[in-house]
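Just so we're aligned: 110 in the working numbering is position 110 of the sequence shown, and the numbers increase by one with no gaps anywhere. Just so it is clear, CB atoms sit at the ideal spot from N, CA and C, and this is done for glycine as well.
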Amino acid sequence: MSQKKDDMSTEAVGLGRRRFLNTAALTGLTLGVAACNDKPETAPAASGTSAAAPAAHASSATHLKPGELDTYYGIWSGGHTGDMRILGLPSGREIHRIPCFVPDALVGWGLTNESKAVMGTKPDGSLRYTVADTHHTHASYKDGNYDGRYAWINDKINSRIARVRLDYFVCDKITELPNVQGFHGIFPDKADPVDPAINYTTRVFCGAEFAIPLPNNGGDINNPEKYRSMFTCVDAESMEVRWQVLIDGNCDLTATSYDGKLAATNQYNIENGVHYEDMMSSERDACLFFNIARIEEAVKAGKFTTVGTSKVPVVDGTRENNKDPKTALTAYVSVPKNPHGVNASPDAKYFICAGKLSPTATVIELSKVLDWFDGKLAELDKAIVAEVEIGLGPLHTAFDGRGNAYTTLFLDSQVVKWNVDAAIKFHAGDKTAKYVVDRLDVHYQPGHINASQSETRMADGKYLAVGCKFSKDRFLPVGPLHPENEQIIDISGDKMVLLADHPVRGEPHDFIIFKRDLLKPKQVYDINDFPLAIKDSKESGVTRNGKKVTVKITSQAPAFSLREFTVKKGDEVTLILTNLDKIEDLTHGFAIPKYNVNFIVNPLETKSVTFIADQPGVFWCYCTHFCHALHLEMRTRMIVEA
Ligand code: K7E
Ligand code: CUA
Ligand code: CA
């Protein structure tokens, strides 16, 4: 391993990053491109790609007139900025950032007591974590479409899942998953597997990528063969962990069926390898299916263990103990070498695994997986209805609702549009079936891809967004760190048309795009939602309980209710601020110089901060958020007596 790695690093010095990546990944490919049963109907070459020049009518779609609103919301993950981002589409304009896992200086996330309670603190009150790595974001469903209640996002570094309320666009809960590392794929269920009346999201599934000793408390460090990964179910409402499944191999991306019966994760490391060459040693890996109803029956029947100090029931989903289809909780469908994404088609019939190190896409028919669990399909891999070559480095797939799939090709820097039915015919032996419909160059090295409404039954085939990992020459140079390039593509016609490039701060991975009328955001808070709310400015003032001092203030443009307040050096001060302005868009800020305090309060919102008044003197607390012609005059004096 070290020899190979050194070679690659030395080589990399003299190479551009694109060439380096291709070389590195191709090293993997030459070590073993998975054998593909099917011959491509066209060679996956750059020739015959769509013209990159946008049609005049189409490009105007991304240029909204002043005051014109977008027709779609986009929810983007922020990557290692730890936030969620809201974009308008087709313009691609970033409208909002929702801090989740990482402190945010604009809103005071990680500073206010309320946000700290969501984020989690150590016994001394400081934040438990201040870094994160968000990859995947998905929203709650009803009847196979988004219902506008929640979105969820993962933190890969610390295995946390955050929930965002889509009425206020704020993070309201964060849960840390026990006994896993590298929590990566996330997907809400779309229905209950048993009760048809529950046709909406009640569970969120989480795939953990890294295998660790269980429990990870110092034992088995040098026995990697004992490391294990788990698949986790979180309750969508309570955000508590319901159960976990012990598996062989790893989890990566996650997908769920529309009937609620199946969830799946692609596996690139069935080898349980510790080093990357070990992870590539098998010709085929797997798409691992979970039978949700059976797992929950097993939990109910007490057929579980627990790991370490966690109380979460862990059921056994390993290969060895799930050989009998009639009782199996899991099913390992084989797919070629080191697959990446797994995506559910909007017709509810298929999951598609992209090959990554194999130039293929694998189409798995869900009804056949269910047949296997029912003992009606002798060989599980017969659930594979297509395995076709589509190009180099397939990662993620989106859909247009007209039977076509769009898969990113990381190494080819392309999006390939292919027809699922034609691929199935080709796989079945009809070598005249032309499944590749179109190819389009993107800039450059695309990862995630998603189309408008793609992950719902209402895929509408209008716009495609592609998250390109490298932007290189597409924007003005700003030093060594380049932005990512989010590209918008018109997919309403036969040919894909590239509409626009957008620089984004590194680095979004996944995103969803849906019609704007699915959300009904509120623009003013309900004052009653805040237990500490100061409902009348007359309640303002300073109260003391020994060394603990509470300061209650309200804001109403252009003044704070207290013109000054006095505390003593050494006091533990809790300052509570309610914004009594109930007008849309009237936000105030509250900053205390030298005390490292700044946060905002939106209309009728209440927030609090707690700090030790350790520096005597006069401190002009001022409003940081432009609110009024007298915004600069909007101040109060904190007097700290020595
Ligand atoms: Cu492909 Cu983390 Cu979704 Cu990124 S993963 S690209
Ligand atoms: Cu209040 Cu600016
Ligand atoms: Ca592998």
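For L395, the shortest C-beta to heavy atom distance toward ligand 1 is below 6 angstroms.
Look at N338: its beta carbon is less than 6 angstroms from one of the heavy atoms in ligand 3. S115: member of the alpha helix (DSSP H) spanning 113-119, first to last residue. Taking a 10 Å sphere around the C-beta of V315, we find 16 or more other C-beta atoms and assign the residue as buried. For E320, the closest alpha carbon among the candidates H448, P313, Y332, V551 is that of Y332.
Here D83 is buried: its Cβ has 16 or more other Cβ atoms, across all protein chains shown, within 10 Å.
Ranking I174, L166, I364, Q181 by CA distance to the CA of N158 puts Q181 first.
The alpha-carbon of G110 is positioned some 15 angstroms away from that of A591. Cα atoms of A629 and D581: separation of roughly 15 angstroms, rounded to the nearest angstrom.
Membership of K368 in the alpha helix (DSSP H) is indicated by the continuous run 366-373. Restricting attention to alpha helix (DSSP H) runs no shorter than 4 residues, the segment 396-484 encloses them at 420-427, ordered along the chain. In the DSSP annotation of this structure, the continuous segment of the alpha helix (DSSP H) that includes I292 starts and ends at 292-300.
A check of alpha carbon separations from A211 across N223, A197, R228, N222 identifies R228 as the nearest. Under the rule that a run must span 3 or more residues, the beta strand (DSSP E) segments found entirely inside the segment 503-569 read 511-515, 541-545, 548-556, 564-568. Judged by DSSP in its simplified three-state form, D252 adopts coil rather than helix or strand. Closest in C-alpha terms to T360, from the list R85, V342, V524, comes V342. Closest in C-alpha terms to V466, from the list A383, D510, I534, comes D510. Not one heavy atom of ligand 1 is found less than 6 angstroms from the C-beta of G541. T543 sits exposed, since fewer than 16 C-beta atoms from the chains shown fall within 10 Å of its C-beta. The three-state reading of DSSP puts L177 in coil, since its state is none of H, G, I, E or B. For T306, the three-state secondary structure derived from DSSP is coil. In the three-state DSSP reduction, A191 falls in the coil class, being neither helix nor strand. Within the same chain, D192 come within 6 angstroms of I198 by CB-CB distance, once the 5 residues on both sides are set aside. The closest CA to that of T121, considering only V504, V102, T134, is found on V102. For the options T362, L380, V369, M239, the alpha carbon positioned closest to that of P394 is the one of T362. Restricting attention to I292, Y525, V234, the CA atom closest to the CA of I186 is found in V234. Rounded to whole angstroms, V312 and Q244 show a C-alpha spacing of 7 angstroms.
Taking a C-beta distance under 7 angstroms as the contact criterion, P531 and K569 do not qualify as a contact pair.
Taking the Cα of G88 as reference, the smallest distance to any Cα among L377, L519, L586, S561 is reached at L519. The shortest C-alpha to C-alpha distance from I270 to any of P215, N338, C206, K417 is the one to N338.
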